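For the sequence shown, the residue numbers in our numbering are 289 to 639. A quick write-up on the structure given underneath.
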Amino acid sequence: MRTSSALRARDPRAAAHSAALILGVVAAVVAVFTAVEDLPAGSAGHVASWVGVAVLAGAAAACRLVPAERLDRMGLCTAIAVGGVLLACLLNLLTEDSSAAAQAFLCFPVLWAASHLRPAAVAAVTGLAVAGDTTTLLLLQPAVPALTDAAFVGAVLVVMAVMLTRANRLQDQLVTALRDQARVDALTGLVNRRVFDEALSATVTGRAPAGTALVLIDVDSFKTINDSHGHPVGDEVLVHLARILRDQVRGDDAVLSRLGGDELAVLLPGCGPDVAARRAEELGDAVRAAPLPLSDGTLLGLSISLGVAHLPGGSADLAALYSAADGALYAAKRAGRGRVAVAPAGRAGGA
């Protein structure tokens, strides 16, 4: 049985770990409270309190022993918070305790839910806590003081849940931004070398029937551009080329990467050698047709050299593919500017 993603934990392992801790602490507190409270032995409140201790302790043990991902898939992370709310209300009702201390136990499931569950689940748990507390107080007190206490406790629970949910959302946004920064080249917006290597490994391991093509790209006379126009213009050249690559190559069937310096790469999974060579020619033509406008109004003509290699579907030799593309790139540069060179068939296939 799988539960809706909206009702699952943000991080199942962290949720299970803290749930075990909170459940254990609450079990100990309820046990002490029951032991010192003046409740008749064998009364409904006395028995319910000890049953509650056993349930809390059992839930804490389950969070420790059962894999967190399994608990989350079954919806038990949200169920723990819901169960905590219901148990707190039931104990307060059976012990006829409407004090602030008794109501404070509702903070535990709401606090845990707001820290670890997704917004929809947090809203459900908090709403249940407010409704349950209000119902319990109305059964134990006259209407006016009951509603007054319920409004105060409910405001505390809602504010706590909202603040923690917003803090978690901001944290998630920051984590996502940091992950993106770790995967993307800050200058060009293309993926970096690490992501490219991961994609290359995954693509070759998948062994698409048409094989995998790799195009390595080098900017012609890049050092001269830097020396003549300055490094800021050199950066503009790389940004300009990255934009052309994105315009010419669909991101859903290729991986565009800046490997370092002025070396760019295009990984083409499921692409045959003839198609890869034609696309490399199209890239070279697109760069020549789009000079870079400089700040003084002049146009800087650009050209690139490209090396193409292809790995057949039955091979997984990453080193051979990269070496063949690199060799083809140097062959293109030796032959002159703005050239495409294709590695001989079999060079990257281990033949």
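C-beta: ideal position from N, C-alpha, C; glycine also. Small disclaimer: the values here were computed from a predicted structure and weren't measured.
Residue interval of the beta strand (DSSP E) (run including residue i)
i, result
"E551", "E551 to P557"
"V596", "I592 to L599"
"V630", "V628 to V630"
"S545", "V543 to G548"
"D506", "T500 to V507"
Length of the line joining the Cα atoms of residue i and residue j
i, j, result
"A631", "W400", "59 angstroms"
"L416", "T423", "10 angstroms"
"R566", "L617", "15 angstroms"
"A412", "S293", "14 angstroms"
"L435", "L382", "19 angstroms"
"G442", "A419", "9 angstroms"
"S337", "V343", "10 angstroms"
"G371", "A390", "16 angstroms"
"G558", "V507", "26 angstroms"
"R352", "S306", "10 angstroms"
"L478", "T414", "43 angstroms"
"T500", "G626", "24 angstroms"
"S509", "R538", "27 angstroms"
"E325", "H334", "9 angstroms"
"D535", "L529", "10 angstroms"
"A369", "P407", "13 angstroms"
Contacting residues, own chain, Cβ-Cβ under 7 angstroms from residue i (five flanking each side not counted)
i, result
"P579", "L587, L588, G589 and L590"
"A297", "A303, D360, C365, H404 and L405"
"A438", "D421, T422 and L425"
Delimiting residues of the alpha helix (DSSP H) encompassing residue i
i, result
"A376", "L364 to L382"
"A417", "P407 to L428"
"V472", "Neither: V472 is in no alpha helix (DSSP H) and is coded neither H nor E."
"A303", "P300 to V324"
"N514", "F510 to H517"
"G615", "L606 to A623"
"D385", "Taken as a continuous stretch (DSSP letters only), D385 belongs to no alpha helix (DSSP H), as it is neither H nor E."
"G585", "Counting along the chain, G585 falls outside any alpha helix (DSSP H), and DSSP gives it neither H nor E."
"L359", "A356 to R361"
"G572", "P561 to R576"
"A392", "Here A392 belongs to no alpha helix (DSSP H), and DSSP marks it neither H nor E."
is_contact[residue i, chain B] using C-beta, thresh 8 angstroms
i, result
"S387", "In the displayed structure, chain B is absent; only one protein chain is listed."
Distance cut-off 7 angstroms: residue i Cβ against heavy atoms of the ligand FMN
i, result
"L344", "Among the components of this structure there are no ligands whatsoever, and the ligand FMN is therefore not found."
Cut-off 6 angstroms between Cβ atoms - residues of its own chain near residue i, not counting five sequence neighbours on either side
i, result
"N380", "A390 and T424"
"A308", "A348, C351 and R352"
"R546", "D473, T476, L478 and L552"
"I505", "L552, I592 and L594"
"A356", "P300, R301 and A304"
"L556", "A501, A542 and A564"
Cβ-based neighbour list, residue i, same chain, cut-off 8 angstroms, excluding 5 preceding and 5 following
i, result
"G560", "A498, G499, A501 and H598"
"I532", "L571, A574, V575 and A578"
"H517", "L582 and L588"
* Would you be able to state if there are at least three C-beta pairs under 8 angstroms between the stretch 468-485 and the stretch 502-513? => no
* Would you call the stretch 371-380 and the stretch 391-398 touching, i.e. three or more CB-CB distances under 8 angstroms? -> yes
* Asked: Touch check for the stretch 305-320 and the stretch 341-360: three-plus C-beta pairs under 8 angstroms?
  -> yes
* To do: Pair every Cβ in the stretch 619-626 with every Cβ in the stretch 518-532, then say whether three or more of these pairs are closer than 8 angstroms.
  => no
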